[in-house]
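Under the working numbering, the first residue of the sequence shown is numbered 1, with each subsequent residue one higher.
The structure appears right after this line, and notes come after that.
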Amino acid sequence: MPKRMYRSFQGLLLLGLCIFFASKAASGQLTWYINARFIPLTLFGMAFLGILAQTLFSEVKRSRQLENEGHEHEHDHAPSSAALWIMLVPLLIGVLIPARPLDSAAFASKGFNTSAPIVSADSSAQLFETASEERNVLDWLKLFNYETNTARFNGETASVIGFVYFDDSLEANQFFVSRFVVSCCAADGFAIAMPAEWDGSTTLTQDSWVLVKGTIQSITLNDRAVPLIVAESVQEVPVPNQPYLFP
């Protein structure tokens, strides 16, 4: 492959990656892939990809101009086209596979946790001061992971959002309110789950997103104290703009 053609393809692929990431950022789906704290770095990377693409296009244009002006043109050949395929494959995967947040399909490979392995005394101290209705699934699991006297939370009101997951370890009128916690990117995400009890649980569907409101009851599950929501209402809701939680 002539070097000019190679550089043209390189520029197109870099521009394609830049546009792909920009579209994900504009649609709010970028955080379906990475932790929100990496957004500024990703935006910088997008700008860098655009600059590289423009540099390559300028090189191709300059080479064509020199040839048209009668300057000698070296018919050198570019490196192997394998490098172009390495750039093309992730772009094709990103474009052809619809974006969607992790759901219960990932439980088979990742499993799920009813405790919060990422916890610190400082963060838990702040959670004690947070209104109970403002705590999410991760917040409740952190509290139960840190506090030894979990019965103190009995009767507190809770309002959490998550997707439905049914498991054989629960009763027929129970289900898990689940979320994925992402430290860096979706690849390292792990699932957490908080049991809920509701007489209408059989009307729910797996992976549907719900807003569960009720009161907390400390129960023992798999030899651990976990928070159970005795639901007063369960309302189906759209997938949140930010489906993941961040530790």
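Ideal placement from N, C-alpha and C gives every residue a C-beta, glycine not left out.
Over the uninterrupted beta strand (DSSP E) stretch that includes R224, give me the two end residues. It spans R224 to E236 - the beta strand (DSSP E) in which R224 sits, taken as one unbroken run.
Spatial neighbours of Q29 in its chain, beta-carbon cut-off 8 Å, leaving aside the 5 residues before and after: Only residues of its own chain outside the window of five on either side were considered, and among them A99 have a CB closer than 8 Å to the CB of Q29, listed in chain order.
Kindly give me the distance between the Cβ atoms of P240 and I161, rounded to whole angstroms, as I take these residues to be in contact under 8 Å. The pair is a contact, with the Cβ atoms about 6 Å apart (cut-off 8 Å).
Taking the CB atoms as reference points, tell me whether K110 and F190 lie closer together than 9 Å. Yes, the pair counts as a contact, with Cβ atoms nearer than the cut-off.
With distance defined between alpha-carbon atoms, name the residue in L228, L84, N222 and L102 nearest to S8. The residue among L228, L84, N222 and L102 with its C-alpha nearest the C-alpha of S8 is L84.
Could you check what DSSP says for W198 in three-state terms: helix, strand or coil? Note: W198 maps to coil in three-state DSSP.
Starting from the C-beta of G11, find all residues in its chain whose C-beta is less than 6 Å away, skip the five residues before and the five after it, and write them out in chain order. So the qualifying residues of the chain are A53, L56 and F57.
Are the beta-carbon atoms of I19 and T31 separated by less than 9 Å? Taking 9 Å as the Cβ cut-off, I19 and T31 do not qualify as a contacting pair.
Taking the alpha-carbon positions, what's the K24 to M46 distance? Spanning the two alpha carbons is a distance of roughly 11 Å.
Which residues bound the alpha helix (DSSP H) around L14? That run of the alpha helix (DSSP H) goes K3 to S27.
If I'm right that F112 touches S178 with Cβ under 8 Å, what's the distance once you round it to whole angstroms? With 8 Å as the limit, F112 and S178 qualify as a contact, their Cβ atoms being about 7 Å apart.
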